[in-house]
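Once you know that position 90 of the sequence shown is 76 in the numbering used here, the rest is easy, because the numbers rise by one and skip nothing. Just so it is clear, CB atoms sit at the ideal spot from N, CA and C, and this is done for glycine as well. Since we're looking at a predicted model, the values are computed, not measured.
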Amino acid sequence: MKIRIIAIGKIKEAYLKAGIDEYLKRIKPYSSIEIIEVLDEPVVDNPNESQIKLVKDKEGQKVLKLIRPSDYVISLDLNKKELNSEAFAAFLEKKFEIGKSFITFIIGGSYGLSDELKLRANDSISLSKMTFLHQMSRLILLEQIYRAFKINRNEVYHKWFMKNLHI
């Protein structure tokens, strides 16, 4: 099992980096996992629709170059289906069981995903109907991946993370 997260934009906030590093460490006993950061495109203040589309298309092209034909691609899209933690665990387990040993999650930039990236995705899910900073989406996704492994193995998920996170 191998998981890759391709995310547009760099993480700058120390608290997010600390949380991401913690969950990457926690996931490693269950799966190989890596995060690839793609530089986001500069955007003018108050962009119009065509400028936003251009930014999304440029970012999408960068991401598409990193996706292999054999990757099972799951995009994070605010307008797609939401799964609770148990359903996400079952969803992820099913992908691994049917031979999708390399899963690539895509997290778009602040304006979302290009149409071409959406078409390349084999599946799309939403983390929530709420809007998060796209940098926060990485931490939330990693936490849910870790939780999915714990659920699928009937292991206890210890809730000491936040009280032991030193920021």
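Assign residue i to buried or exposed, taking buried as 16 or more other Cβ atoms, counted over all protein chains shown, within 10 Å of its Cβ.
{"i": "Ile6", "result": "buried"}
{"i": "Asp31", "result": "exposed"}
{"i": "Tyr143", "result": "exposed"}
{"i": "Arg12", "result": "buried"}
{"i": "Thr117", "result": "exposed"}
{"i": "Arg106", "result": "buried"}
Quick one: what does DSSP say residue i is sitting in, helix, strand or coil?
{"i": "Ala(-7)", "result": "strand"}
{"i": "Glu102", "result": "helix"}
{"i": "Glu141", "result": "coil"}
{"i": "Gly46", "result": "helix"}
{"i": "Lys115", "result": "coil"}
{"i": "Glu8", "result": "helix"}
{"i": "Lys14", "result": "coil"}
{"i": "Lys(-12)", "result": "strand"}
{"i": "Glu129", "result": "helix"}
Express the C-alpha separation of residue j and residue i in angstroms, rounding to a whole number.
{"i": "Lys80", "j": "Lys3", "result": "30 Å"}
{"i": "Phe82", "j": "Lys(-12)", "result": "9 Å"}
{"i": "Tyr16", "j": "Asp101", "result": "33 Å"}
{"i": "Ile22", "j": "Ile(-9)", "result": "6 Å"}
{"i": "Asp109", "j": "Ala0", "result": "31 Å"}
{"i": "Ser123", "j": "Leu40", "result": "23 Å"}
{"i": "Asn140", "j": "Gln130", "result": "15 Å"}
{"i": "Ile19", "j": "Leu10", "result": "7 Å"}
{"i": "His120", "j": "Gly85", "result": "29 Å"}
{"i": "Leu25", "j": "Val49", "result": "10 Å"}
{"i": "Met148", "j": "Thr90", "result": "Summary for Met148: the model assigns pLDDT 47, below 50, so the residue's position carries little reliability, and this model does not support an answer."}
{"i": "Glu8", "j": "Val29", "result": "31 Å"}
Going by CA-CA distance only, name the one from the options that's closest to residue i.
{"i": "Ala73", "options": "Ala(-7), Ile(-9), Glu(-1), Asn138", "result": "Asn138"}
{"i": "Ala(-7)", "options": "Ser71, Ser18, Gly98", "result": "Gly98"}
{"i": "Tyr132", "options": "Thr117, Gly95, Ala75, Leu105", "result": "Ala75"}
{"i": "Leu125", "options": "Ile93, Val49, Asn70, Ser87", "result": "Ile93"}
{"i": "Glu27", "options": "Leu50, Phe135, Lys67, Gly95", "result": "Gly95"}
{"i": "Leu64", "options": "Gln37, Val49, Ile89, Ile111", "result": "Ile111"}
{"i": "Lys44", "options": "Gly(-5), Phe118, Lys115", "result": "Gly(-5)"}
{"i": "Lys241", "options": "Val29, Leu105, Ser36, Ser114", "result": "This structure leaves residue 241 out entirely; the chain is present only between -13 and 153."}
{"i": "Ala134", "options": "Arg106, Thr90, Leu69", "result": "Leu69"}
If we cut at 7 Å on Cβ distances, does residue i have a partner in chain D?
{"i": "Tyr132", "result": "In the structure shown, chain D does not exist; there is a single protein chain."}
Start-end ranges of the alpha helix (DSSP H) lying completely within the region 32 to 101, minimum 4 residues: 35 to 50, 71 to 83
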